[in-house]
Each structure stands twice: as C-alpha cells, then as structure tokens.
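The structure under discussion appears below in the form of structure tokens.
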Amino acid sequence: MSLKNIEMQIALPRTHDAGKIQEQLNQRSQLVHDQLAHTINKETDIKRSKVPENSSSAKLKLKRDKKNQQEHQQQEKNEKNEKQSEIESHPYKGKTIDFFG
458 MSLKNIEMQI ALPRTHDAGK IQEQLNQRSQ LVHDQLAHTI NKETDIKRSK VPENSSSAKL
518 KLKRDKKNQQ EHQQQEKNEK NEKQSEIESH PYKGKTIDFF G
C-alpha cells in the first residue's frame, strides 16, 4: 500500500497530533501519582506535628477505672470490718472477763 502525495499531506500532521496526545496521556498519570504522593506527605507531616487528642471513649474508660477502684477499696473495707467483727464475737468464748475467779 503506497501513499500518494495528497494522502501524505493529511497523514503526517495527524501522526504528530496523535503522538502529542499519547504523550499527554502518559504524563497525566504521572502527574496524578505525583499529586497523590504530595498530599500523602502533607498529611503525614501534619499528623507528626499534631498532638493526638484523647477520645471520649478513653475518658470514659478512665472514669470507669476510677469507679472500679473505689468499689474495690470499699469491698476491702467491708471485708476487713467483717473479719474484725468475727474476731470480736466468738461463739464459744465469753464476752466478759472474770477477774474475781
């Protein structure tokens, strides 16, 4: 298939245009990747410089831990009081001391 002079006048400029379009498409994907990498770097820099805030769930956990600790201390006090009351009132021993005996 041979091309005539008139066909060559049309074909050559179009191949040049097609080459430009292909190059732009290749560069577009590279630009998208570069922009994405840049935004990711920005976000990581912001996260590094920012102090993390405590979430509300962490605050609630601290409150629950404090409440559990207080309940545990109260239970220990109750157990200690029960032991002392058991020691004070023995079922076989008397409650008074007889010095005149």
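First residue of the sequence shown: 458, per the numbering used here; consecutive thereafter. Note that the Cβ used here is the ideal one computed from N, Cα and C, for glycine as well.
DSSP on K523, reduced to helix/strand/coil? helix
Where I478 sits in the DSSP three-state scheme: helix
Where does D502 fall in DSSP's three states? helix
Where V489 sits in the DSSP three-state scheme: helix
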